[in-house]
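One structure is given below, encoded as C-alpha cells.
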Amino acid sequence: MGGSTGNTLYGCSNCQNPLAHSEDLLSKDFVVNSGQAYMFAHAMNITLGHEEDKQLLTGLYTICFISCNNCGQELGWKYIRAYDATQKFKEGKFILEKAKIVEESC
Numbered sequence: 015m016g017g018s019t020g021n022t023l024y025g026c027s028n029c030q031n032p033l034a035h036s037e038d039l040l041s042k043d044f045v046v047n048s049g050q051a052y053m054f055a056h057a058m059n060i061t062l063g064h065e066e067d068k069q070l071l072t073g074l075y076t077i078c079f080i081s082c083n084n085c086g087q088e089l090g091w092k093y094i095r096a097y098d099a100t101q102k103f104k105e106g107k108f109i110l111e112k113a114k115i116v117e118e119s120c
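Next up, the structure:
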C-alpha cells in the first residue's frame, strides 16, 4: 500500500504514542464522522472502553471505543461482534480515525 516497506508506525496525533504497524494495515477505505479511517488487524498502546451496540453504516455491531493509553485521545473503535454474517470479517479488528493518527517512518 503506497510503497510501504513495513517500516512505518502509526501513532497518536496528539502525543505520537505508537499505535499500529503498517504490516497490520488492512484497509484505508473506511469512512467515519471525522472523515477517513483505517482498519488494522492489531493495535497497541490503547485503552478499551466499555462494549456497546452501535448502528453503523454497514449494520449493527458490538464495539468498544479505543483511546490512546498515554494521552487519552479517543482514536476509533474495536469491532467485538458483527450481527450480519457478511460483516463477520471485521470482528476483532480496529478502526483508527485518520485525523487522529500520524504516519511515522522507523
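In the numbering used here, the protein residues as written are 15 to 120.
Glycine included, every Cβ here is placed at the ideal spot set by N, Cα and C.
When secondary structure is reduced to three states using DSSP, Ala55 falls in the coil class, being assigned neither helix nor strand.
Three or more beta-carbon pairs separated by less than 8 Å link the stretch 50-60 to the stretch 17-36, which places the two stretches in contact. In this chain, the beta strand (DSSP E) harbouring Asp67 covers Ile60 to Leu70. A residue is called buried once 16 or more other Cβ atoms fall within 10 Å of its Cβ, and Phe108 is buried on that count. By the Cβ neighbour-count rule, Cys82 is buried, with 16 or more other Cβ atoms within 10 Å of its own.
Between Leu89 and Tyr52, the gap from beta carbon to beta carbon reaches 8 Å or more.
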